[in-house]
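Peer 1: Take a look at the following structure, please.
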Amino acid sequence: MVEFVNGVKGIALNLENESVWIVVFGSDTAIKEGDLVKRTGSIMDIPARKVMLGRMVGALEAPIDGRGAFSDHERRCIKVKALGIIERKSGHDPMKIGLKAVDSLVPIGRSQQVLIIKERKTRRIDLAINTILNQKQINSTQFKCFVVNLYFFLVRIMPAIIIFFL
């Protein structure tokens with residue numbers, strides 16, 4: 033993690049001899065070429081507590097739903113090593129998306145990631161929301177889903193959504 037002089041935070045992605053690629057978490061309008069940037073010494077982490085369920089948060093976990101700040105909370109690193117084959121739960125129970133075409137073509141197990149690539153006239157958001165609602169009806173306590181709208185290679189070539197099934 034890095035922090036600019038004006039308090040905006042970011043994460044360094046690529047270190048080169050003459051430049052550094054940084055993803056900025058906040059407004060980039062106050063950042064100018066030549067501004068001083070300091071490393072924070074911390075790895076990107078996120079708060080992880082049940083009080084955050086159902087809350088809307090920004091890129092740096094600041095609540096944006098108007099329901100107040102979070103109290104002290106446990107933090108977890110965003111880069112977590114995947115469990116080994118033996119430690120994982122059995123994959124005999126596929127996750128049901130709720131659309132028969134998707135469920136039959138792409139069986140999804142626990143601890144898997146699904147990438148929904150944008151095509152014209154596709155309804156990615158509807159598919160993601162349908163998945164969340166379907167799993168909530170089946171098993172509301174075991175299903176956790178993070179929907180991330182991301183841009184590949186930082187040049188917005190292919191917008192996509194990733195759903196993480198934990």
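Each residue of the sequence shown is one higher than the last, beginning at 33 in the working numbering. Using N, Cα and C, we set each Cβ at its ideal position, and we do this for glycine too. The structure presented is a predicted model; accordingly, all values stated were derived computationally and were not measured.
Nearest to lysine 132 by CA position, among Asn162, Ile75 and Ile43, is which residue?
Peer 2: In the sequence shown, residue 132 corresponds to position 100, counting from 1. Closest by alpha carbon: Asn162.
Peer 1: Would valine 56 pass as a contact of isoleucine 63 if the rule is Cβ separation under 8 Å?
Peer 2: Here residue 56 refers to the residue found at position 24 when the sequence shown is read from its first residue. Here residue 63 refers to the residue found at position 31 when the sequence shown is read from its first residue. Taking 8 Å as the Cβ cut-off, valine 56 and isoleucine 63 qualify as a contacting pair.
Peer 1: Using the C-alpha atoms, what's the distance from aspartate 60 back to isoleucine 96?
Peer 2: The sequence position of residue 96 within the sequence shown is 64, counting from 1. The sequence position of residue 60 within the sequence shown is 28, counting from 1. In a straight line, the C-alpha of isoleucine 96 is about 19 Å away from that of aspartate 60.
Peer 1: Ends of the beta strand (DSSP E) at alanine 44?
Peer 2: Residue mapping note: residue 44 aligns to position 12 of the sequence shown, counting from 1. Per DSSP, alanine 44 belongs to the beta strand (DSSP E) from 41-47.
Peer 1: Alpha carbon to alpha carbon, what distance is there between serine 136 and valine 40?
Peer 2: Position 8 of the sequence shown, counting from 1, holds the residue named residue 40. Position 104 of the sequence shown, counting from 1, holds the residue named residue 136. If I take the Cα positions, the gap works out to 45 Å.
Peer 1: Quick one: what's got a C-beta closer than 8 Å to valine 107's C-beta in the same chain, skipping five residues either side?
Peer 2: Looking up residue 107 in the sequence shown gives position 75. Checking the sequence shown, residue 107 turns out to be arginine, not valine. These residues qualify, in order along the chain: Asp77, Ile78, Pro79 and Ala80.
Peer 1: What does DSSP give as the partner residues of phenylalanine 57 in its beta bridges?
Peer 2: Within the sequence shown, residue 57 is the residue found at index 25, counting from 1. For phenylalanine 57, which the question treats as bridged, DSSP gives the partners Lys41.
Peer 1: Short of 7 Å in beta carbon distance, which residues of its chain neighbour aspartate 67, apart from the five on each side in sequence? Order them along the chain.
Peer 2: For this step, residue 67 is matched to residue 35 along the sequence shown. Counting only Cβ-Cβ distances below 7 Å, and skipping sequence neighbours, we find Phe36 and Val37.
Peer 1: Please tell me whether, using a cut-off of 7 Å, the distance from the CB of alanine 44 to the nearest non-hydrogen atom of the ligand COA is below it.
Peer 2: The ligand content of the structure shown is nil, which means the ligand COA is not present either.
Peer 1: Any idea what DSSP makes of lysine 82, helix, strand or coil?
Peer 2: Position 50 of the sequence shown, counting from 1, holds the residue named residue 82. Helix at lysine 82.
Peer 1: Just how far apart, CA to CA, sit serine 172 and isoleucine 43?
Peer 2: Here the question's residue 172 lines up with position 140 in the sequence shown. Here the question's residue 43 lines up with position 11 in the sequence shown. At serine 172, the pLDDT of 47 sits below 50, so the modelled position is not reliable; the number obtained from the coordinates is stated separately. Cα to Cα, serine 172 sits roughly 33 Å from isoleucine 43.
Peer 1: Looking only at C-alpha atoms, which of Ile140, Asp158 and Met33 sits nearest to glycine 73?
Peer 2: Counting from 1 along the sequence shown, the entry for residue 73 is found at position 41. Nearest option by C-alpha distance: Met33.
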